[in-house]
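Q:
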Amino acid sequence: MNVLPSVGRAEPIHHRNPRLQDGEVLRGKVIQLLGAEEAVVEINGRMIKAAVEVPVKPGSGYLFQFFREPEGFRLKIIKELGQENQGRKETAEALVRYFGLPSDARSTALVRLFYLYNVPMNRTVLKQALKWLGETDSDSGFQALKVILAKKWPLSESLFKALSASAAQAPAGSMKALLQVLKQYDARHPSQKAILDFLENWPGTNIAVRIDELLEHIRAMGRDETQMATLRDWFVARYPEYKEQILSHWPEAKTFLPKMKTEQDLRTLTLLLGLSIREDEWLPMFINDFFPYRKPFSGEWLKHLLFRMGYFYEAELLKSVKNENLNALQWQNSLKGLLLSLTQKNDGHDLIGQLLSQITGEQLQSVQVDRSFVQLWLAFPLYFGSDLRDVHLFWEARRNPDGSVEPDYCRIALKLELSQLGETVVSILVQKRRVSVTVYNEQSMVDALIEQKVSPMKTRLKELGYELVSVKHVTSGLSEAKAIFTPHAGNMDVRI
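Counting from 3, one number per residue, gives the positions in the sequence shown under this note's numbering.
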């Protein structure tokens with residue numbers, strides 16, 4: 003199985019336990035008493051020796067306020083925490099009063115979130131978070147904070163905005179709006195025109211290569227010297243008997259490539275290169291080499307869509323810098339790359355920023371914090387007929403000791419909205435190359451559709467070295483199935 007790469011680094015991008023600052027409040031547990039006014043305390047994942055102001059009990063939990071003094075650490079006890087107090091609303095309300103925050107539901111919910119994730123709190127940080135929450139949709143803002151706190155990232159405005167944009171709306175809506183704006187604006191700027199072409203030729207559920215998609219791909223290659231060299235070398239390798247003609251006519255072809263718009267232009271290209279061959283001879287080879295995701299499904303189709311969005315843009319750019327990636331076409335020619343190239347202000351500027359934030363937010367949800375497994379939460383738009391809709395993907399797999407992904411064990415889920423069947427979640431579990439599929443949908447007609455597809459699914463999976471064990475339709479539990487698409491921190495299901 004050709005599995006997906008990581009969105010970013012395989013190792014944490016930030017230290018999981020940052021240095022404590024004076025005045026911060028968080029939970030801790032007393033491990034051992036060292037005297038009347040000193041104890042060993044487990045706090046923020048570390049053991050520290052600190053002075054305490056009142057008698058404490060070994061094994062008990064407390065809310066501590068941390069101070070760093072010349073003679074060592076000091077912990078001020080704010081509240082003792084019994085087991086029954088863990089996460090209780092009254093504890094959060096007490097902290098709201100302690101920090102002098104507005105006495106309302108938003109402040110209480112915010113403090114409780116910090117408390118539950120045991121993230122150090124101070125008045126300045128909490129007030130800043132409240133300000134950001136007031137500037138965005140409450141649900142998406144709290145979802146963004148959950149991701150940041152769960153992964154123990156620094157609380158920054160850029161992270162918050164990207165993650166809240168992603169939580170508020172997946173990319174399809176912004177892509178459709180941007181497409182309309184660029185059409186009205188007539189896309190005068192070259193970068194605008196490139197994005198317009200990109201969006202107009204976005205892939206759909208029909209896996210055949212459309213002529214407009216093929217031409218867009220060739221035009222894209224014609225806009226970059228490295229990619230044009232790749233195309234030139236491909237022609238030479240495929241037709242070595244025409245090498246001299248190809249090389250001598252290449253300067254003229256380079257000028258023509260970015261302008262190709264019609265099927266006739268494909269014929270003109272071969273004539274420019276001095277090739278006496280038919281389109282039906284070289285086009286299948288071109289499609290096979292430059293559109294591998296259009297082969298019978300092997301994972302390349304999905305990978306191409308995610309590369310096309312730009313979800314691996316930074317990761318592949320890093321590989322390119324390290325000379326690990328010889329073919330830069332797939333990451334350079336991505337939606338995120340094109341959006342980043344558009345710096346000139348225009349009528350669609352706000353939408354461009356919004357779409358960039360949504361793509362970045364989707365990426366951030368999947369940045370790795372553990373080398374032992376890979377998790378992806380990504381949304382990719384897809385044309386269903388003439389309508390561009392989001393498909394949500396969850397992908398979870400174990401890593402081998404060498405960092406590669408173990409294809410024999412993984413968990414995959416897709417969430418989509420279909421015009422006839424409505425909201426649907428498809429959950430796939432792979433264990434020892436044995437595949438179990440569960441379809442969550444409230445429509446009874448799904449049973450007949452599954453019956454039609456089971457046999458070809460078994461055949462195709464067998465060709466790939468997998469065994470289809472079961473395909474099950476469940477009419478209840480859709481809400482629970484959708485919960486998997488909410489990013490969270492922690493290890494994967496131990497059964498996988």
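The C-beta atom is built at its ideal place from N, Cα and C for all residues, glycine as well.
Would you list, in sequence order, the uninterrupted alpha helix (DSSP H) runs of no fewer than 4 residues that lie entirely inside the segment 114-195?
A: If we require 4 residues or more, the alpha helix (DSSP H) runs fully inside the segment 114-195 come out as 125-136, 140-152, 159-170, 173-187.
Q: Can you pull the DSSP bridge partners for W379?
A: Per DSSP, F396.
Q: Give the C-beta separation of Y64 and V32 to the nearest angstrom, bearing in mind that I take them to be a contact with Cβ-Cβ under 8 Å.
A: At roughly 7 Å, the Cβ-Cβ gap stays under 8 Å, so Y64 and V32 are in contact.
Q: Taking only the alpha-carbon atoms, compute the straight-line gap between Y100 and Q145 and give it to the nearest angstrom.
A: Going from the Cα of Y100 to the Cα of Q145 covers about 25 Å.
Q: Within the same chain, show all residues whose beta-carbon is closer than 7 Å to that of W236, passing over the 5 residues directly before and after it, in chain order.
A: Excluding positions up to five away in sequence, the list reads D291.
Q: May I have the straight-line CA-CA distance separating G479 from Q422, to the nearest angstrom?
A: Whole-angstrom Cα-Cα distance: 19 Å.
Q: What is the residue span of the alpha helix (DSSP H) that D410 lies within?
A: Per DSSP, D410 belongs to no alpha helix (DSSP H); it is in the beta strand (DSSP E), 407-420.
Q: Have a look at E254 and L451 and give me their C-alpha separation to the nearest angstrom.
A: Going from the Cα of E254 to the Cα of L451 covers about 52 Å.
Q: Assign G143 to one of two classes, buried (16 or more other C-beta atoms within 10 Å of its C-beta) or exposed (fewer than that).
A: Burial call: buried.
Q: Could you check what DSSP says for Y385 in three-state terms: helix, strand or coil?
A: The answer is strand: DSSP assigns Y385 an E or B state.
Q: In terms of residues, what are the limits of the alpha helix (DSSP H) holding G339?
A: Counting along the chain, the alpha helix (DSSP H) containing G339 begins and ends at 337-343.
Q: Could you give the DSSP three-state label for A330: helix, strand or coil?
A: Summary for A330: the model assigns pLDDT 46, below 50, so the residue's position carries little reliability; its value from the coordinates is reported in the next sentence. Of the three classes helix, strand and coil, the one that applies to A330 here is coil, per DSSP.
Q: When you compare each of P122, C412, W155, Q360 to S176 by their alpha carbons, which one comes out closest?
A: The shortest Cα separation from S176 among P122, C412, W155, Q360 belongs to Q360.
Q: Give me the Cβ distance between L378 and L395, rounded to the nearest whole Å; I'm assuming they're in contact under 8 Å.
A: At roughly 7 Å, the Cβ-Cβ gap stays under 8 Å, so L378 and L395 are in contact.
Q: Since K256 sits in a beta bridge, which residues does DSSP pair it with?
A: For K256, which the question treats as bridged, DSSP gives no partner whatsoever.
Q: Which first and last residues belong to the alpha helix (DSSP H) in which F237 is found?
A: Looking at the DSSP string, the run of the alpha helix (DSSP H) that includes F237 is 227-240.
Q: In the DSSP assignment, what are the bridge partners of M49?
A: For M49, which the question treats as bridged, DSSP gives the partners E44.
Q: Ignore the nearest five residues each way along the sequence and tell me which others in L132's own chain have a CB closer than 8 Å to its CB.
A: Closer than 8 Å at the Cβ level, and outside the excluded window around L132, lie L103, P104, R108, S109, L112.
Q: Just to check my reading of the structure: L274 and F258 have Cβ atoms closer than 8 Å, yes? What is that Cβ distance to the nearest angstrom?
A: L274 to F258, Cβ: 6 Å. Contact.
Q: Which partner residues of G424 appear in the DSSP bridge assignment?
A: Bridge partners of G424: L420.
Q: Hey, is the segment 434-442 in contact with the segment 464-481, meaning 3+ C-beta pairs nearer than 8 Å?
A: Yes, they touch.
Q: Select from W134, P409, S193 the residue whose C-alpha is nearest the C-alpha of L342.
A: Ranking W134, P409, S193 by Cα distance to L342 puts S193 first.
Q: Can you name the start and end residues of the alpha helix (DSSP H) that I486 belongs to?
A: No alpha helix (DSSP H) holds I486; DSSP gives it neither H nor E.
Q: Quick one: using the 10 Å Cβ neighbour count with 16 as the cut-off for buried, is P515 buried or exposed?
A: Any answer about residue 515 is impossible in this case: the structure gives the chain only from 3 up to 498.
Q: Would DSSP call V496 helix, strand or coil?
A: Unreliable positioning characterises V496 in this predicted model, as indicated by a pLDDT of 27, which lies under 50. A coordinate reading is not provided.
Q: So Y117 packs on T138, CB below 8 Å; how close in whole Å?
A: In fact, because the Cβ distance is near 22 Å, the residues do not count as touching under 8 Å.
Q: Is the CB-CB distance between E364 and P173 below 9 Å?
A: Going by C-beta atoms, E364 is nearer than 9 Å to P173.
Q: When the Cα atoms are used, what is the spatial distance from S166 to R234?
A: Near 44 Å, if we compare the C-alpha coordinates of R234 and S166.
Q: Please say whether V42 and I50 have beta carbons closer to each other than 9 Å?
A: Yes, Cβ-Cβ distance for I50 and V42 is below 9 Å.
Q: Quick one: Cα of F299 to Cα of Q247, how far?
A: With a pLDDT of 45 at F299, under the threshold of 50, the predicted position of this residue should be treated as unreliable, and no value is reported.
Q: Using the C-alpha atoms, what's the distance from A52 back to F66?
A: Going from the Cα of F66 to the Cα of A52 covers about 11 Å.
Q: When burial is assigned at 16 or more other CB atoms within 10 Å of the CB, is N402 buried or exposed?
A: So N402 ends up on the exposed side.
Q: If we ignore side chains and look at the alpha-carbon of each, how far apart do H475 and E482 end up?
A: Cα-Cα distance, rounded: 15 Å.
Q: For G37, count neighbouring C-beta atoms within 10 Å of its own C-beta (all shown protein chains included) and say buried if the count is 16 or more, exposed if not.
A: The residue in question, G37, is exposed, as its Cβ has fewer than 16 Cβ neighbours within 10 Å.
Q: Between Q182, E82, L418, A231, which has its C-alpha nearest A381's C-alpha?
A: Answer by Cα proximity: L418.
Q: Which of helix, strand or coil does DSSP assign to F68?
A: F68 falls in the strand class under three-state DSSP.
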